[in-house]
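In the numbering used here, the protein residues as written are 17 to 446. Yeah, the Cβ is synthetic: ideal placement off N, Cα and C, and Gly gets one too.
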């Protein structure tokens, strides 16, 4: 496709008022196999003694079973993922009788401590009331049976499946006395015990409670309200944290992967205030280090233009940070719009008005590289292909396993390496 024609199909960030207005450059949305069913599967994988029951067509149930039999967390072929394959009669007249017969067999064979009843698109289309069925089955068998709706026709990726499965866990929770533990909600990528945040908590004598969905048990979920504070490490964990705050008075801190040293420092302060323990001296040292590294990188990054793709970091916070560093966004790929009052959005628009398109389809974007002429590309692309266009790739996948000032330090390092490479590609003219 001609780059200029494609450019005319894009919108500027200032023209967007809702997420659905972000243009896509192809007629087909590109979620691939990443539907909410996949998200539910990923979430239940981290709950060691819970069972996943998928209700749907043979395609959906086969996909889930095929994915889980190779995952040791599910226990292989005879493991914690089971399927109810709907036949023509079930689709026509409803699946209630088949589901109840299946459940009787399931309870005899597995004796699960909890069951996530995951519906797929066909169940939602025919309108079966799986929520009421779950209530009846839960009362009959005396265990939590939690419905999770994963209709793909309402979503563009798998994250709603993770979010809804996490949120469903609220129904298991009991009102219990508080202790000095913290819950970690929303961990998707990396291993929380390997992060800076975890290390500083442990050094301060803080114990871990429920870690959902990265590794927990039904019993830990039931006792989750005993935690002094919830640490939400991705927005998918917010609905559960908000429910817990309302029901049990448990405060939460949204400690996502941020780049701004001031933002990270403020979150550390808020977290340790809730824990009622002194802020570790190392946090102050890391903060000063991050400020120094950021300031030293300013001259190198000044004037660098870029296309933002898909990174593990919060999209608008990262872009606002780069704009504040003197960088110029040419185009931002995202599926989110934070609202016109968002401070990060306003920071970007105060200086620039970049194009914005939906993520996850880099093929058509290649046509606009010669039109926009960015120095850098952040996200997933082929480095060799970009280099031929004199564009440097910013490597950011390593950030997915980090939380805290380490995110800032690693992001600055990746940006400066790519900026210096871009200058080499363009003969030092940037």
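C-beta neighbour in chain C for residue i, strict 8 angstroms
{"i": "residue 166", "result": "In summary, chain C is missing from the structure at hand, where a single protein chain is found."}
Nearest-angstrom Cα separation, counted from residue j out to residue i
{"i": "residue 233", "j": "residue 240", "result": "10 angstroms"}
{"i": "residue 437", "j": "residue 230", "result": "36 angstroms"}
{"i": "residue 302", "j": "residue 421", "result": "6 angstroms"}
{"i": "residue 113", "j": "residue 205", "result": "39 angstroms"}
{"i": "residue 327", "j": "residue 413", "result": "7 angstroms"}
{"i": "residue 428", "j": "residue 439", "result": "17 angstroms"}
{"i": "residue 378", "j": "residue 336", "result": "23 angstroms"}
{"i": "residue 433", "j": "residue 426", "result": "11 angstroms"}
{"i": "residue 163", "j": "residue 84", "result": "19 angstroms"}
{"i": "residue 100", "j": "residue 224", "result": "36 angstroms"}
{"i": "residue 192", "j": "residue 265", "result": "11 angstroms"}
{"i": "residue 48", "j": "residue 346", "result": "Low confidence applies to residue 48: its pLDDT is 49, below 50, so where it sits in the model is not reliable, and the reading given next is rough at best. Distance between the alpha carbons of residue 48 and residue 346: 27 angstroms."}
{"i": "residue 73", "j": "residue 156", "result": "26 angstroms"}
{"i": "residue 127", "j": "residue 117", "result": "15 angstroms"}
{"i": "residue 137", "j": "residue 203", "result": "26 angstroms"}
{"i": "residue 210", "j": "residue 411", "result": "20 angstroms"}
{"i": "residue 79", "j": "residue 315", "result": "50 angstroms"}
{"i": "residue 75", "j": "residue 60", "result": "20 angstroms"}
{"i": "residue 235", "j": "residue 98", "result": "22 angstroms"}
{"i": "residue 30", "j": "residue 42", "result": "22 angstroms"}
{"i": "residue 21", "j": "residue 150", "result": "52 angstroms"}
{"i": "residue 141", "j": "residue 102", "result": "13 angstroms"}
{"i": "residue 351", "j": "residue 50", "result": "14 angstroms"}
{"i": "residue 226", "j": "residue 88", "result": "21 angstroms"}
{"i": "residue 94", "j": "residue 125", "result": "10 angstroms"}
{"i": "residue 64", "j": "residue 361", "result": "40 angstroms"}
{"i": "residue 344", "j": "residue 199", "result": "38 angstroms"}
{"i": "residue 366", "j": "residue 26", "result": "20 angstroms"}
{"i": "residue 356", "j": "residue 158", "result": "47 angstroms"}
8 angstroms Cβ cutoff met for residue i and residue j
{"i": "residue 373", "j": "residue 104", "result": "no"}
{"i": "residue 324", "j": "residue 348", "result": "yes"}
{"i": "residue 153", "j": "residue 119", "result": "yes"}
{"i": "residue 56", "j": "residue 166", "result": "yes"}
{"i": "residue 238", "j": "residue 190", "result": "yes"}
{"i": "residue 332", "j": "residue 369", "result": "no"}
{"i": "residue 287", "j": "residue 245", "result": "yes"}
{"i": "residue 111", "j": "residue 71", "result": "yes"}
{"i": "residue 305", "j": "residue 295", "result": "no"}
{"i": "residue 299", "j": "residue 402", "result": "no"}
{"i": "residue 280", "j": "residue 220", "result": "no"}
{"i": "residue 307", "j": "residue 341", "result": "no"}
{"i": "residue 82", "j": "residue 387", "result": "no"}
{"i": "residue 176", "j": "residue 354", "result": "no"}
{"i": "residue 134", "j": "residue 69", "result": "yes"}
{"i": "residue 62", "j": "residue 283", "result": "no"}
{"i": "residue 309", "j": "residue 290", "result": "no"}
{"i": "residue 399", "j": "residue 409", "result": "yes"}
{"i": "residue 334", "j": "residue 391", "result": "no"}
{"i": "residue 201", "j": "residue 275", "result": "no"}
{"i": "residue 313", "j": "residue 18", "result": "no"}
{"i": "residue 363", "j": "residue 339", "result": "yes"}
{"i": "residue 424", "j": "residue 277", "result": "yes"}
{"i": "residue 12", "j": "residue 260", "result": "The chain is shown only over 17 to 446; residue 12 falls outside these bounds and no answer can be derived."}
Whole-angstrom C-beta distance between residue j and residue i, which should lie under 8 angstroms
{"i": "residue 130", "j": "residue 188", "result": "6 angstroms"}
{"i": "residue 406", "j": "residue 442", "result": "5 angstroms"}
{"i": "residue 214", "j": "residue 54", "result": "Going by Cβ atoms, the distance from residue 214 to residue 54 rounds to 27 angstroms, so no, they are not a contact pair."}
{"i": "residue 431", "j": "residue 273", "result": "The Cβ separation is near 15 angstroms, so there is no contact."}
{"i": "residue 115", "j": "residue 96", "result": "Residue 115 to residue 96, Cβ: 18 angstroms. No contact."}
{"i": "residue 371", "j": "residue 86", "result": "Going by Cβ atoms, the distance from residue 371 to residue 86 rounds to 40 angstroms, so no, they are not a contact pair."}
{"i": "residue 178", "j": "residue 196", "result": "Not really, about 28 angstroms apart at Cβ, beyond 8 angstroms."}
Closer than 7 angstroms: residue i CB and nearest the ligand HEM heavy atom
{"i": "residue 214", "result": "The ligand content of the structure shown is nil, which means the ligand HEM is not present either."}
Does the stretch 31-39 come within contact of the stretch 395-414, defined as at least 3 CB pairs closer than 8 angstroms? no
With a threshold of 8 angstroms, are at least 3 pairs of Cβ atoms found where one atom belongs to the stretch 175-189 and the other to the stretch 244-257? yes
Please go through the stretch 142-166 and give each complete alpha helix (DSSP H) segment of 4 or more residues, from N-terminal end onward. 146-157
To test your reading of the DSSP string, which unbroken beta strand (DSSP E) runs of 3 or more residues are found completely within the stretch 205-264? 223-228 and 245-248
For the stretch 384-410, which segments carrying the alpha helix (DSSP H) assignment without a break, of at least 4 residues, lie completely within its bounds, in sequence order? 385-388 and 399-404
Which ranges would you report for the beta strand (DSSP E) in the stretch 343-374 if only whole runs of at least 3 residues count? 344-349 and 371-373
What residue ranges within the stretch 80-134 form continuous beta strand (DSSP E) runs of no fewer than 3 residues, ordered along the chain? 97-101
Unbroken alpha helix (DSSP H) runs of length 4 or more, entirely within the stretch 296-335: which are they? 297-317
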